[in-house]
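The structure appears right after this line, and notes come after that.
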């Protein structure tokens, strides 16, 4: 639903609060006048961009977490959690437990435009703080609405047309911070279709060889090197003592790309570690016999779910890279622009996540090209495959994958 539709379902109290926020001059007792005044105010480009420009970084992060989510509605508890996740490294300020902030809690009433109202001294409600205060502000801006009827009454929604305007406004802001190349780089890497072929290659290697496993169920170094030698992209073995967790079941034993392929095969039930050696399951036998590359959209879907715990807003970051790199763009400027929206994960800082977990894996998935430019250094550009995969998917909000 668009903003006009949601305003028509809102009660006059919420309309009055929104109108007050935008300093609308109208009859505060007329719902129609309130709606028209709000639409006129929000419709002005300078007003909307001024509101976005005044937002704090954590508020931008919170809104960004909603912009590319395909769902229409969110619970209060989920919104509170997202606000808390938007405060990178900052202490939680909301002292109330979530259940005490239930959807039926009433908001303080605001003075209606054009009306007079008095209150007894000391009767003002205490100002809200923490995540709940952020949600209240977004409601007062008309950016969040409670469901209008039925069982969804206390689920929150963002107007569809405002989502588009938010994306367009942020896109203009981000593009103003980027450096684009005037010409093509002297050389670039493009791995389109390679990852899908290597899924089939790994299954074939397991089918053709007896691969012993350690007591922990991992392959020995010799087998890992043999597999790496057959894959389309060569990787170094993980360094001894290097911390590796959070990005897949076998990330700690195998290189990044190979670990992703292995986990993908394991998740699909094509390989088993139950015996003294690695083997294909009956489903894996059938899949190996087909000897066809795995589809890029399936690999992309799996990646979003596998990395979701470590990078909760991975979906939005991928969409921003898609929108901001239709042509060759400096990787450094893109990293600096998106880093404020990347939450560190244990020993991985925003820079490491961008370079290794985000752009590095997008290269392996065939979503982007990475080149070397004489003037700008490393540059990035979306591939035709990447743009098609990202634009063509309408993913549900699936649970993150945790492979034990």
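Numbering (full-length UniProt numbering), first residue to last: 1 to 404. We treat Cβ as the ideally placed atom computed from N, Cα and C, and that holds for glycine.
Residue ranges of uninterrupted alpha helix (DSSP H) with 4 or more members, entirely inside the region 337 to 374 and ordered along the chain, are 360 to 364. Residue 157 places its beta carbon less than 7 angstroms from that of residue 72. Contact between the region 311 to 327 and the region 212 to 219 is not established, with fewer than three Cβ pairs separated by less than 8 angstroms.
Secondary-structure assignment with DSSP links residue 213 through a beta bridge to 219. Here the C-alpha atom of residue 386 lies approximately 16 angstroms from the C-alpha atom of residue 188.
Inter-segment contact for the region 333 to 352 and the region 224 to 240 is absent: fewer than three beta-carbon pairs are separated by less than 8 angstroms.
Residue 65: member of the alpha helix (DSSP H) spanning 57 to 67, first to last residue. As the crow flies, the alpha-carbon of residue 280 is around 42 angstroms from that of residue 64.
In the pairwise beta carbon analysis, the region 224 to 235 is classified as touching the region 251 to 258: at least three pairs are separated by under 8 angstroms. The region 263 to 300 is shown to contain whole alpha helix (DSSP H) runs of 4 or more residues at 282 to 290, in chain order. Taking the CA atoms as reference points, residue 86 sits about 31 angstroms from residue 40. Taking 7 angstroms as the cut-off, the beta carbon of residue 163 is found closer than this to the beta carbon of residue 67. Ranked by Cα distance from residue 320, the first of 351, 45, 26, 359 is 359. Across the set 192, 42, 391, 301, the C-alpha of 192 shows the shortest separation from the C-alpha of residue 369. The DSSP-derived three-state label of residue 260 is helix. Around the beta-carbon of residue 296, 16 or more other beta-carbon atoms lie within 10 Å, marking it buried. In the DSSP secondary-structure assignment, residue 380 is bridged to 329, 370. The criterion of a C-beta distance shorter than 7 angstroms is not satisfied by residue 355 and residue 199. Taken atom to atom, the span from the alpha-carbon of residue 29 to that of residue 10 is near 14 angstroms.
In this structure, the beta-carbon distance from residue 181 to residue 2 does not fall below 7 angstroms.
Contact check for residue 263 and residue 275: beta-carbon distance about 19 angstroms, past the 8 angstroms limit, so the pair fails to qualify. Excluding sequence positions up to five before and after residue 12, its CB lies within less than 6 angstroms of the CB of 31, all in the same chain and listed in chain order. In the structure shown, residue 245 adopts coil according to DSSP, grouped into three states. With respect to residue 317, residue 195 sits apart: the two C-beta atoms are not nearer than 7 angstroms. Restricting attention to 225, 34, 228, the CA atom closest to the CA of residue 6 is found in 34.
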